[in-house]
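Engineer: Count the sequence shown with this note's numbering and you get residues 2 to 293, in order.
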Amino acid sequence: MGRYVTPRTFHSSSYTSSAKKSSAPLLTTSQKLMGRYVTPGRSGPQRTFHSSSYMRSAKKSSTPLLTTAQKLSAPPLRRLRNFLIPTAVFGGIGAGLLFMHFNDEKRAIRQGQCKNDGCSSRNGPVIGGPFKLIDSNGNLATEKDLKGNWILLYFGYTSSPDVGPSELQKLTKAIKTLASSDLKRNIKVQPVFVTLDPQRDTPSHLRAYLKEFDEGIIGLTGPVSAVREMAHEYRVFFKKVEEDGDDYLVESSHNMYLMNPNMEIVRTFGLEYNAEQLTEEIRKELQKITSH
Numbered sequence: 002m003g004r005y006v007t008p009r010t011f012h013s014s015s016y017t018s019s020a021k022k023s024s025a026p027l028l029t030t031s032q033k034l035m036g037r038y039v040t041p042g043r044s045g046p047q048r049t050f051h052s053s054s055y056m057r058s059a060k061k062s063s064t065p066l067l068t069t070a071q072k073l074s075a076p077p078l079r080r081l082r083n084f085l086i087p088t089a090v091f092g093g094i095g096a097g098l099l100f101m102h103f104n105d106e107k108r109a110i111r112q113g114q115c116k117n118d119g120c121s122s123r124n125g126p127v128i129g130g131p132f133k134l135i136d137s138n139g140n141l142a143t144e145k146d147l148k149g150n151w152i153l154l155y156f157g158y159t160s161s162p163d164v165g166p167s168e169l170q171k172l173t174k175a176i177k178t179l180a181s182s183d184l185k186r187n188i189k190v191q192p193v194f195v196t197l198d199p200q201r202d203t204p205s206h207l208r209a210y211l212k213e214f215d216e217g218i219i220g221l222t223g224p225v226s227a228v229r230e231m232a233h234e235y236r237v238f239f240k241k242v243e244e245d246g247d248d249y250l251v252e253s254s255h256n257m258y259l260m261n262p263n264m265e266i267v268r269t270f271g272l273e274y275n276a277e278q279l280t281e282e283i284r285k286e287l288q289k290i291t292s293h
């Protein structure tokens with residue numbers, strides 16, 4: 002036996018390499034998040050790596066984050082502003098929807114249940130009111146002079162290049178058709194034209210203009226303040242545009258109003274109605290009276 006065997010030491014290459022790799026100190030989570038960590042290479046000096054994506058985000062997020070308590074303790078003016086701005090936006094949207102709802106259904110406004118003497122406006126929107134104007138013959142005219150007949154009222158002006166004449170033709174055709182219809186009662190619908198341009202539409206000028214359409218149309222003009230007040234009472238929008246001295250246009254809503262004998266509004270008709278539709282809708286309202 003006489004041989005002494007010296008024990009050999011064996012090293013696992015895989016273990017040795019893993020040991021070398023793990024010789025670097027373990028990094029905490031906070032150190033990793035700092036974006037810089039050190040790891041040794043396989044040979045040679047240690048190499049340092051930087052996370053460029055983290056560095057960019059770190060620069061962007063340099064502003065300190067506010068805690069819930071800090072947000073709640075924001076200045077009162079800022080909190081008030083954050084409340085008022087959304088409120089104003091949604092309030093404006095709601096007002097717009099309400100306006101569209103009011104003008105929906107082809108701007109038809111029904112004033113309540115019809116009776117033998119007309120339709121009551123107690124349950125409807127307040128449109129209309131007293132006025133003092135001058136007719137095309139130069140006489141004083143008020144709402145009392147129009148009571149007793151059904152009225153088809155239109156606001157326009159004689160210098161209108163296209164819409165005004167078209168609307169007057171539609172009004173005239175509807176009135177003539179209704180006059181020849183076989184209603185049970187002899188109901189007359191009186192057309193009335195109110196100018197929105199009293200500065201140029203004098204009584205004599207208004208009379209000559211309306212004569213081209215129908216001599217039965219009553220024309221009303223007067224002082225600018227009186228016309229503006231009546232337009233306001235009837236919710237009529239109008240304003241001068243493209244002014245060049247005495248040469249200008251007048252923008253307006255171009256609505257027609259059907260009034261009962263008590264000068265209470267029954268229906269409102271816009272530009273979307275043609276002559277036949279206008280005639281038919283007026284006839285329906287008159288038939289409600291004649292059916293009693």
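Beta carbons: idealized from backbone N, C-alpha and C, even for Gly.
Among all the DSSP beta bridges, which residues are the ones paired with lysine 240?
Structural biologist: Position 239 of the sequence shown, counted from the start, is the residue given in the question as residue 240. In DSSP, lysine 240 forms a bridge with Glu252.
Engineer: Pick helix, strand or coil for methionine 231, following the three-state DSSP scheme.
Structural biologist: Translated into positions along the sequence shown, residue 231 becomes position 230. Note: methionine 231 maps to helix in three-state DSSP.
Engineer: Would you kindly work out how many angstroms separate the C-alpha atoms of arginine 236 and isoleucine 266, rounded to a whole number?
Structural biologist: For the purposes of this step, residue 236 is taken as residue 235 along the sequence shown, with counting starting at 1. For the purposes of this step, residue 266 is taken as residue 265 along the sequence shown, with counting starting at 1. If you take the alpha carbons of arginine 236 and isoleucine 266, they lie about 12 Å apart.
Engineer: Give the DSSP-derived three-state secondary structure of threonine 203 in the structure shown.
Structural biologist: Translated into the one-based positions of the sequence shown, residue 203 becomes position 202. Three-state result, threonine 203: coil.
Engineer: Give the secondary structure of proline 162 by DSSP, where H, G and I count as helix, E and B as strand, and everything else as coil.
Structural biologist: Residue 162 sits at position 161 when you count from the first residue of the sequence shown. Coil.
Engineer: Leaving aside the five residues before and after threonine 178 along the sequence, list all residues of the same chain whose C-beta is less than 7 Å from its C-beta, in chain order.
Structural biologist: Sequence index remark: in the sequence shown, residue 178 carries index 177 (1-based). Only Thr280 meet the Cβ criterion.
Engineer: Going by C-alpha to C-alpha distance, which of Met231, Leu211, Ile128 sits closest to leucine 169?
Structural biologist: Residue mapping note: residue 169 aligns to position 168 of the sequence shown, counting from 1. Closest in C-alpha terms to leucine 169, from the list Met231, Leu211, Ile128, comes Leu211.
Engineer: Assign asparagine 261 to buried or exposed, taking buried as 16 or more other Cβ atoms, counted over all protein chains shown, within 10 Å of its Cβ.
Structural biologist: Residue mapping note: residue 261 aligns to position 260 of the sequence shown, counting from 1. Counting Cβ neighbours within 10 Å, asparagine 261 comes out buried, since at least 16 surround it.
Engineer: My output table needs one value for isoleucine 266: the three-state DSSP class, helix, strand or coil.
Structural biologist: As a working mapping, residue 266 is identified with position 265 in the sequence shown. Note: isoleucine 266 maps to strand in three-state DSSP.
Engineer: Which residues in the same chain as threonine 173 place their Cβ atom closer than 6 Å to its Cβ, once the five residues preceding and following it in sequence are excluded?
Structural biologist: Locating residue 173 in the sequence shown gives position 172, counting from the first residue. Once the five neighbours on either side are set aside, the close Cβ partners of threonine 173 are Phe214, Asp215.
Engineer: Beta-carbon within less than 7 Å of tyrosine 158's beta-carbon, same chain only, minus the 5 sequence neighbours each way: which residues are those?
Structural biologist: Counting from 1 along the sequence shown, the entry for residue 158 is found at position 157. The beta carbon of tyrosine 158 lies closer than 7 Å to those of Gly165, Thr196, Leu197, Asp198, Asp202, Val251 in the same chain, with the five residues before and after it left out.
Engineer: Determine the direct distance from the alpha carbon of glycine 246 to that of glutamine 112, and round the result to whole angstroms.
Structural biologist: By 1-based counting over the sequence shown, the position of residue 112 is 111. By 1-based counting over the sequence shown, the position of residue 246 is 245. Residue confidence is low: glutamine 112 scores 39 on pLDDT, short of 50, so the model does not pin down where it sits. Its coordinate-derived value is still stated next. Rounded to the nearest angstrom, the two C-alpha atoms are 42 Å apart.
Engineer: Return the first residue and the last residue of the beta strand (DSSP E) that leucine 272 is part of.
Structural biologist: Counting from 1 along the sequence shown, the entry for residue 272 is found at position 271. That residue, leucine 272, is in no beta strand (DSSP E); it is neither H nor E in DSSP.
Engineer: Between which residues of its own chain and glycine 217 is the CB-CB distance below 8 Å, once the five residues before and five after are set aside?
Structural biologist: For this step, residue 217 is matched to residue 216 along the sequence shown. If we look at glycine 217 and ignore the five residues flanking it on each side, its Cβ neighbours are Ile176, Gln191, Pro192.
Engineer: Are the CB atoms of leucine 147 and glycine 223 within a distance shorter than 8 Å?
Structural biologist: Here residue 223 corresponds to residue number 222 of the sequence shown, with the count starting at 1. Here residue 147 corresponds to residue number 146 of the sequence shown, with the count starting at 1. Going by C-beta atoms, glycine 223 is not nearer than 8 Å to leucine 147.
Engineer: Which partner residues of leucine 154 appear in the DSSP bridge assignment?
Structural biologist: Counting from 1 along the sequence shown, the entry for residue 154 is found at position 153. Leucine 154 is bridged to Val193, Tyr258.
Engineer: I'd like the span of the beta strand (DSSP E) that includes lysine 133, first residue to last.
Structural biologist: Position 132 of the sequence shown, counting from 1, holds the residue named residue 133. Looking at the DSSP string, the run of the beta strand (DSSP E) that includes lysine 133 is 133-136.
Engineer: Once the 5 residues before and after isoleucine 152 are set aside, which same chain residues still bring their CB inside 6 Å of it?
Structural biologist: For the purposes of this step, residue 152 is taken as residue 151 along the sequence shown, with counting starting at 1. The answer, listed in chain order, is Gln191, Val193, Met260.
Engineer: Can you tell which of Gly139, Gly130, Pro131 has its C-alpha closest to the C-alpha of glycine 220?
Structural biologist: Mapped onto the sequence shown, residue 220 falls at position 219. Shortest Cα-Cα distance from glycine 220 to any of Gly139, Gly130, Pro131 involves Gly139.
Engineer: Is aspartate 247 helix, strand or coil when you go by DSSP?
Structural biologist: Counting from one through the sequence shown, the residue named residue 247 turns up at place 246. Coil, per DSSP.
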